[in-house]
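First comes the structure, then the notes that go with it.
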Amino acid sequence: MSTDIIRADGVTKRFGRFVAVDRIDYGLRENEVSGIIGSNGAGKSTLFNLLTGYCAPDEGVIHYRGQDITRVTPQERVARGITRTFQLTSAFDNLSVVDNLVLAFFRAHRQPSLLRLLINRRKRHRDAEQIGETLQTFGFDGIRDREVKRLGLGEKRRLEIAMAVLSEPKVLLLDEPLAGLAESEIKGVLDVLRRRRGLQAILIVEHKISHLQDLVQRLTVMHEGRIIADGTCEECLSDAAVRRSYWQIDVAAGREAVAP
Amino acid sequence: MNAFRWWRGLVSAFGLLYLLRLLLPLPFANEVIIFSIYTIGCNFLLGHVGLISFGQPAYLAVGAYATASYLYYFGTNPYVGILMGVAGGLAASLFVGPFFVRLRGDYFALVNLALAVIVFYLTQNVLVAITHGDNGLLIVDRLSRTPVLDLSRPNQFFIFALLIAFAVWAFYKYLDDSIYGACCLAAKINENKLRFLGYDDRGIRLLAFVIANTTTALAGAMYAVYLGFVSPEITSPARAADPLVVTILGGVGTLYGPIVGAVVYTGMMDLASKFMSNWELIIGIVLVFVMLAGEKGIWGTLEPRLKRALLSPAAGSRPIKGASR
Ligand SMILES: Nc1ncnc2c1ncn2[C@@H]1O[C@H](COP(=O)(O)OP(=O)(O)O)[C@@H](O)[C@H]1O
Ligand SMILES: [Mg+2]
Numbered sequence: 001m002s003t004d005i006i007r008a009d010g011v012t013k014r015f016g017r018f019v020a021v022d023r024i025d026y027g028l029r030e031n032e033v034s035g036i037i038g039s040n041g042a043g044k045s046t047l048f049n050l051l052t053g054y055c056a057p058d059e060g061v062i063h064y065r066g067q068d069i070t071r072v073t074p075q076e077r078v079a080r081g082i083t084r085t086f087q088l089t090s091a092f093d094n095l096s097v098v099d100n101l102v103l104a105f106f107r108a109h110r111q112p113s114l115l116r117l118l119i120n121r122r123k124r125h126r127d128a129e130q131i132g133e134t135l136q137t138f139g140f141d142g143i144r145d146r147e148v149k150r151l152g153l154g155e156k157r158r159l160e161i162a163m164a165v166l167s168e169p170k171v172l173l174l175d176e177p178l179a180g181l182a183e184s185e186i187k188g189v190l191d192v193l194r195r196r197r198g199l200q201a202i203l204i205v206e207h208k209i210s211h212l213q214d215l216v217q218r219l220t221v222m223h224e225g226r227i228i229a230d231g232t233c234e235e236c237l238s239d240a241a242v243r244r245s246y247w248q249i250d251v252a253a254g255r256e257a258v259a260p
Numbered sequence: 001m002n003a004f005r006w007w008r009g010l011v012s013a014f015g016l017l018y019l020l021r022l023l024l025p026l027p028f029a030n031e032v033i034i035f036s037i038y039t040i041g042c043n044f045l046l047g048h049v050g051l052i053s054f055g056q057p058a059y060l061a062v063g064a065y066a067t068a069s070y071l072y073y074f075g076t077n078p079y080v081g082i083l084m085g086v087a088g089g090l091a092a093s094l095f096v097g098p099f100f101v102r103l104r105g106d107y108f109a110l111v112n113l114a115l116a117v118i119v120f121y122l123t124q125n126v127l128v129a130i131t132h133g134d135n136g137l138l139i140v141d142r143l144s145r146t147p148v149l150d151l152s153r154p155n156q157f158f159i160f161a162l163l164i165a166f167a168v169w170a171f172y173k174y175l176d177d178s179i180y181g182a183c184c185l186a187a188k189i190n191e192n193k194l195r196f197l198g199y200d201d202r203g204i205r206l207l208a209f210v211i212a213n214t215t216t217a218l219a220g221a222m223y224a225v226y227l228g229f230v231s232p233e234i235t236s237p238a239r240a241a242d243p244l245v246v247t248i249l250g251g252v253g254t255l256y257g258p259i260v261g262a263v264v265y266t267g268m269m270d271l272a273s274k275f276m277s278n279w280e281l282i283i284g285i286v287l288v289f290v291m292l293a294g295e296k297g298i299w300g301t302l303e304p305r306l307k308r309a310l311l312s313p314a315a316g317s318r319p320i321k322g323a324s325r
């Protein structure tokens, strides 16, 4: 499995006596687009936290491009190309759309010493070519100067992905980017993600398999801290263990895909 | 054209302040300017970084005492004295800053208050040999006359204070327009996210702390020269919330809020104390109403209306807003 860009080997995370992630082996290949599904509390976010360094595993190691990064800080992982979004949106509410992008972009292209931050004016960077392209790709043309707190949830999610993408990550981890969105907004986010295929590896957590079917090459199903299935969407859906533990939260998608 | 737009607000604000001097007594105008400079640091910390401090008098006193001590014991040039005050404020905030900016919310507010109490007792009791305790340091007759602007004369001090305030406001406006300004606003909302974007959030907060409190010390230094006298009263805990009150009165995080707030607050105190004996009670009541009226403060409420009134007929004016002001 040396082609994996990031992989977890036998990682376990306990909270007290509760085992949130239980001896998981998981690898993501370069430029692969992959999905994770699983019911609430299955340990998906915890696995993300382990991969991105928000918490340290009790057992196991994390490798990134062949290097052991188990003890590397989250900031350093970001700098090396592992970027994530959060289940709760976290773009900066009191800044405009374009200024959020400027912050993400500015970080990606130079080490920001305090002096650098002081001598660069926001206005100049707002007009940078890549910012303009991003605004267009993500559909922010008309609202670039709008404060984030006045955006809809779907726009916020897109903005967060845009910020993550501006740092030119090698691995992009998206924690439930579709949760709480209306169908039309979901389409917008999925369109954006489709356009990013092949540019970096993407791992996306989602509840509904139906949303992922056209997007991901591979699907992993988690249940109670373990991986219970791994393969194409169809393989996962026809897996007996998956159907036993999972079918109730994705009835609609399940019926569509595996209805007898 | 853009450069003009950049300066237009600043020039008109300080033009108005200059007019104030023609309409109102000179001491009032001088105090307003010093009070505004005193407040802008607090306003920046609260409005742009989200740090609330009850201890701003500590830094005011450091500036004032550094200036006064220099002028009392060493030299006579008031300009050098003010530089000493600024250097003192810079040193003090660099010294405590790394510890203080680890704290948040209530703890940050109170640790500054504690520092103000410490400074109060240092100047009143512990360092009596230097500070002369409650008698204070009288430096009014030690100021040498300086060419160009003679700071011992109130009318020339006014011009000096106006120029300094202009420079301070230009600086804070610049900060607001820089990427650093965006980082501060971002740190206020979500410092974790900022850190994981790859920014040094603690460094960002520390720099803001140092900038704000050095500005506060500058106000203290100017105050010492203006009054010709410094006593521990400057850090009296009863006055600890003054800059916060002015900040909120003017409009938190707005550029000109501190000036508007200082004019109104100083004016209220002057008027109330002239006409009634329980004036502090009246001010308290007025403040309660201001807080209840809205979080935006006076300038925060007026600014958008003024902008609309002045700019809307102008063709091609578009509301560019980088940040909430
Ligand atoms: N910081 C924490 N402290 C205690 N328990 C936690 C913590 N984070 C997650 N858990 C628990 O671990 C389990 C897995 O959580 P999570 O990874 O967020 O699930 P998912 O994202 O799949 O819904 C849940 O039961 C949750 O209560
Ligand atoms: Mg989760």
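If you're matching them up, the sequences are chains A and B in order.
Quick note on numbering: the numbering used here labels position 182 of the first sequence as 182, and the sequence is numbered without any gaps.
Quick note on numbering: the numbering used here labels position 78 of the second sequence as 78, and the sequence is numbered without any gaps.
Glycine included, C-beta positions come from ideal geometry on N, C-alpha and C.
Residue i: CB within 7 Å of a non-hydrogen atom of ligand 2
i                 : result
Lys-44 (chain A)  : yes
Glu-224 (chain A) : no
Glu-206 (chain A) : no
Glu-176 (chain A) : yes
Gln-124 (chain B) : no
Neighbour flag for residue i against chain A, beta carbons, 8 Å
i                 : result
Met-1 (chain B)   : Its pLDDT being 40, under 50, Met-1 (chain B) is placed unreliably in this model, and the value from its coordinates should be taken loosely. Not one chain A Cβ lies under 8 Å of Met-1 (chain B).
Leu-10 (chain B)  : no
Asn-213 (chain B) : no
Ile-207 (chain B) : Inspection of the sequence shows that residue 207 (chain B) is occupied by Leu rather than by Ile. True, the Cβ-Cβ gap to chain A drops below 8 Å.
Tyr-328 (chain B) : Residue 328 (chain B) cannot be examined here, being either before or after the span of chain B that is shown, 1 to 325.
Asn-190 (chain B) : yes
Asp-177 (chain B) : yes
Cys-183 (chain B) : yes
Arg-21 (chain B)  : no
Ala-167 (chain B) : no
Ala-29 (chain B)  : no
Buried versus exposed, by CB contacts within 10 Å (16 or more), residue i
i                 : result
Arg-77 (chain A)  : buried
Met-291 (chain B) : exposed
Lys-193 (chain B) : buried
Ile-285 (chain B) : exposed
Pro-147 (chain B) : exposed
Asn-135 (chain B) : exposed
Ser-184 (chain A) : exposed
Tyr-172 (chain B) : buried
Met-163 (chain A) : buried
Thr-73 (chain A)  : exposed
Cutoff 8 Å: residue i Cβ touching any chain B Cβ
i                 : result
Asn-120 (chain A) : yes
Phe-106 (chain A) : yes
Asp-99 (chain A)  : yes
Asp-93 (chain A)  : yes
Ala-79 (chain A)  : yes
Val-165 (chain A) : no
Leu-103 (chain A) : yes
Pro-289 (chain A) : Any question about residue 289 (chain A) goes unanswered here, given that chain A covers just 1 to 260.
Leu-159 (chain A) : no
Leu-117 (chain A) : yes
Ser-45 (chain A)  : no
Through-space distance from residue j to residue i, alpha-carbon basis
i                 : j                 : result
Gly-181 (chain B) : Leu-51 (chain B)  : 14 Å
Leu-118 (chain A) : Leu-22 (chain B)  : 37 Å
Ile-267 (chain A) : Gly-231 (chain A) : For chain A, the structure presents residues 1 to 260; residue 267 (chain A) sits outside this window and is missing.
Tyr-72 (chain B)  : Thr-235 (chain B) : 20 Å
Asp-68 (chain A)  : Val-11 (chain A)  : 13 Å
Gly-297 (chain B) : Phe-99 (chain B)  : 31 Å
Ala-116 (chain B) : Asn-125 (chain B) : 14 Å
Tyr-79 (chain B)  : Gly-250 (chain B) : 30 Å
Pro-57 (chain A)  : Glu-224 (chain A) : 16 Å
Asn-100 (chain A) : Asp-141 (chain A) : 14 Å
Leu-290 (chain A) : Leu-219 (chain A) : Because residue 290 (chain A) is not part of the residues shown, which for chain A are 1 to 260, the question remains open.
Val-216 (chain A) : Val-205 (chain A) : 11 Å
Residue i beta carbon near ligand 1 (any heavy atom closer than 7 Å)
i                 : result
Asn-40 (chain A)  : yes
Ala-229 (chain A) : no
Ala-20 (chain A)  : yes
Phe-86 (chain A)  : no
Phe-15 (chain A)  : yes
Residue i CB to nearest heavy atom of ligand 3 below 7 Å
i                 : result
Arg-124 (chain A) : Annotation note on ligand 3: not contained in the displayed structure, which lists ligand 1 and ligand 2 as its ligands.
Going along the chain, which unbroken runs of the alpha helix (DSSP H) with 4 or more residues stay wholly within the region 41-83 of chain B?
Those alpha helix (DSSP H) runs which fall completely within the region 41-83 of chain B and span 4+ residues are 56-69.
In chain order, which continuous runs of the alpha helix (DSSP H) of length 4 or greater are located wholly inside the region 170-209 of chain B?
Qualifying alpha helix (DSSP H) stretches, in chain order: 179-189 and 191-197.
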